[in-house]
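Under the working numbering, the first residue of the sequence shown carries the number 603, and numbering increases by one thereafter.
For each residue, glycine too, the CB sits at the ideal point set by N, CA and C.
Notes follow the structure.
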Amino acid sequence: DATGRSLPVYTVSDSSSDAGFLLFLSVVTVLGIVLVVMSIGGVFNTVLLETRHRTRELAILKAIGLTPRSTIAMIEATVLPVAIAAGLIGVPLGLGLQRVVLGYMGETAARTAVPEVSLDVFGPVALVGLALSGLAIAGIGALLPAQRAARARIAPVLQAE
């Protein structure tokens, strides 16, 4: 259609059956999964350390009536603003880096510029999905430390002080 049907165009190979391309997609998928798991682990570690530092504060709040459900909600609520800020900074930064890296790869590998249409691969729905997945990663990573803090006994913590 782009040539006005004046040039014959033939498909030489289909990338859906190319073993090298499928291997590349598999590697990219596995790396994406590893990144998500590492992100959840990072959030988990950070929130766990933060709740351990706030053990006395949480014990006092629980002593005056903070319920386990409220404890979990409070800890999750401390993570969400950071996740929102990270999404607002990370998604545009990632899109910018994608353009730079793909442009460099096109120049290095093929000695040509990558067409602008090839760079706009994420639509508005996908960008919202990325932002929501970042919030989900933060929430999942904070859930176990929050549950641990909610189950902690009050008396041993206050006696240790």
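### Task
Rank GLY692, LEU721, ASN647, HIS655 by C-alpha distance to the C-alpha of VAL702 and give the top, closest one.
Along the sequence shown, read from residue 1 onward, the residue named residue 702 stands at position 100. The residue with the shortest Cα to Cα distance from VAL702 is LEU721.
### Cβ shell of ILE739 (< 8 Å), same chain only, five flanking positions each side left out
Counting from 1 along the sequence shown, the entry for residue 739 is found at position 137. Around ILE739: VAL638, SER641, ILE642, VAL645, ALA685.
### Message
For the alpha helix (DSSP H) containing VAL723, name the first residue and the last one.
### Response
Within the sequence shown, numbered from 1, the residue matching residue 723 stands at position 121. First-last for VAL723: undefined, no H or E at that position.
### Of the residues LEU682, GLY708, GLU659, the one placed nearest GLY743, counting alpha carbons only
Looking up residue 743 in the sequence shown gives position 141. Per the Cα distances, LEU682.
#### Entry: Inter-residue Cα distance where the pair is VAL630 and ALA712
Counting from one through the sequence shown, the residue named residue 630 turns up at place 28. Counting from one through the sequence shown, the residue named residue 712 turns up at place 110. Cα to Cα, the separation comes out at about 21 Å.
### Query
Using a Cβ-Cβ cut-off of 7 Å (strictly less than) and excluding sequence neighbours within five positions of ALA752, which residues of its own chain qualify?
Numbered from 1 along the sequence shown, position 150 holds the residue referred to as residue 752. Shown here for ALA752: same chain residues with a beta carbon closer than 7 Å to its own, the five before and five after excluded, namely PRO670, THR673, ILE674 in chain order.
#### Entry: Among ILE677, LYS664, VAL723, THR653, the one whose alpha carbon lies nearest that of GLY698
The residue you call residue 698 lines up with position 96 of the sequence shown. When only C-alpha atoms are compared, the closest one is VAL723.
### Message
Just to confirm the assignment: which complete alpha helix (DSSP H) runs, minimum length 4, are found wholly within the segment 675 to 753?
### Response
Secondary structure remark: continuous alpha helix (DSSP H) runs of at least 4 residues inside the segment 675 to 753, in chain order: 718 to 721, 726 to 753.
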